[in-house]
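The structure appears right after this line, and notes come after that.
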Amino acid sequence: MALALVIGNKAYSSWSLRPWLAMKMAGLNFEEVLIPLAQPGTKAAMLKNAPNGQVPVLHHDGVTVWESLAILEYVNETLAEGRLWPEERSARALARAISAEMHGGFGALRSHCPMNVRRRLESYPLTQDAARDVARIEAIWRDARLRYGQGGPFLFGAFSNADAMFAPVVNRLHFYALPVAPETRAYMDSVLGLPPNMQWRADAALEPWVIADSERY
Ligand SMILES: N[C@@H](CCC(=O)N[C@@H](CS)C(=O)NCC(=O)O)C(=O)O
Numbered sequence: 000m001a002l003a004l005v006i007g008n009k010a011y012s013s014w015s016l017r018p019w020l021a022m023k024m025a026g027l028n029f030e031e032v033l034i035p036l037a038q039p040g041t042k043a044a045m046l047k048n049a050p051n052g053q054v055p056v057l058h059h060d061g062v063t064v065w066e067s068l069a070i071l072e073y074v075n076e077t078l079a080e081g082r083l084w085p086e087e088r089s090a091r092a093l094a095r096a097i098s099a100e101m102h103g104g105f106g107a108l109r110s111h112c113p114m115n116v117r118r119r120l121e122s123y124p125l126t127q128d129a130a131r132d133v134a135r136i137e138a139i140w141r142d143a144r145l146r147y148g149q150g151g152p153f154l155f156g157a158f159s160n161a162d163a164m165f166a167p168v169v170n171r172l173h174f175y176a177l178p179v180a181p182e183t184r185a186y187m188d189s190v191l192g193l194p195p196n197m198q199w200r201a202d203a204a205l206e207p208w209v210i211a212d213s214e215r216y
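For the sequence shown, numbering that gives the first Met the number 0 gives the first residue as 0, with consecutive numbering after it.
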């Protein structure tokens, strides 16, 4: 079975982390192909992999899937026997809703705090819009954990695609040292402590590429 995930730099590529983490958590064996971001040949290399010219991209037995959320759906359905979404219908509906909200939203936080897992700040002032995003994210996590989190430390108890979708936000809240509620911190620690997530950060630390724009703060 040919299975490959094309990703960007682990230091910076928040979208790549999502399917990579879910696939690792599902115990899948896959080839990892890394295209360094913001280099002269980056766009051409990305366009060779998928028509949107971005990463992540999944290649599986002749099928190409791009867009992180579509990849997560494909992996869940085709490679993980449905284990990456909660089993119960209303939990699954909420998991998909908040994952879609993450996929399409929180632009203020994302642009104010670009992902850079190699940095660790002491404190970082938020814009009003970014603070509103953080408040909404904390509310989402609190609600999911209260309603469905009894069976484990993740949003729906066991690890799911919803945790994969929010993993880069966990990294941002942590690396920018943003103040959060104790229950938010507990959830963040569960995600940060996942062995594949730790592996991602360790790999990022060894990468040679530096993107000045992501190092500007
Ligand atoms: N909506 C896309 C976003 C993908 C995206 O923005 N990828 C970035 C890297 S994190 C990228 O490929 N940037 C290079 C470029 O656009 O040229 C997804 O969910 O996969």
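Yeah, the Cβ is synthetic: ideal placement off N, Cα and C, and Gly gets one too. All of these numbers come straight from a predicted model, not from anything done at the bench.
Supposed contact pair residue j and residue i - C-beta distance, whole angstroms, cut 8 Å
i           : j           : result
residue 235 : residue 11  : For the chain, the structure presents residues 0 to 216; residue 235 sits outside this window and is missing.
residue 23  : residue 202 : Actually they do not touch by this definition, with Cβ atoms about 12 Å apart.
residue 162 : residue 154 : 6 Å
residue 176 : residue 89  : Incorrect: roughly 35 Å between the Cβ atoms, too far for contact.
residue 54  : residue 13  : Going by Cβ atoms, the distance from residue 54 to residue 13 rounds to 11 Å, so no, they are not a contact pair.
residue 25  : residue 56  : Not confirmed; about 18 Å, so no contact.
residue 93  : residue 143 : 6 Å
residue 118 : residue 174 : 6 Å
residue 179 : residue 206 : Between residue 206 and residue 179 the Cβ distance is about 28 Å, and since that is not below 8 Å, they are no contact.
residue 58  : residue 107 : Incorrect: roughly 33 Å between the Cβ atoms, too far for contact.
residue 116 : residue 200 : 5 Å
residue 70  : residue 139 : Not really, about 21 Å apart at Cβ, beyond 8 Å.
Buried versus exposed, by CB contacts within 10 Å (16 or more), residue i
i           : result
residue 67  : buried
residue 81  : exposed
residue 120 : exposed
residue 51  : exposed
residue 95  : buried
residue 148 : buried
residue 209 : exposed
residue 151 : exposed
residue 183 : buried
residue 181 : exposed
residue 28  : exposed
residue 215 : exposed
residue 62  : exposed
residue 129 : buried
residue 79  : buried
residue 194 : exposed
residue 145 : exposed
residue 60  : exposed
residue 166 : buried
residue 7   : buried
residue 188 : exposed
C-beta neighbour in chain D for residue i, strict 8 Å
i           : result
residue 144 : In the displayed structure, chain D is absent; only one protein chain is listed.
Checklist entry - Okay, do the segment 9-26 and the segment 40-51 touch, 3+ Cβ pairs below 8 Å being the bar? => result no
Item to check | Heavy atoms of ligand 1 versus C-beta positions, residues under 5 Å | outcome: 7, 12, 14, 53, 54, 66 and 67
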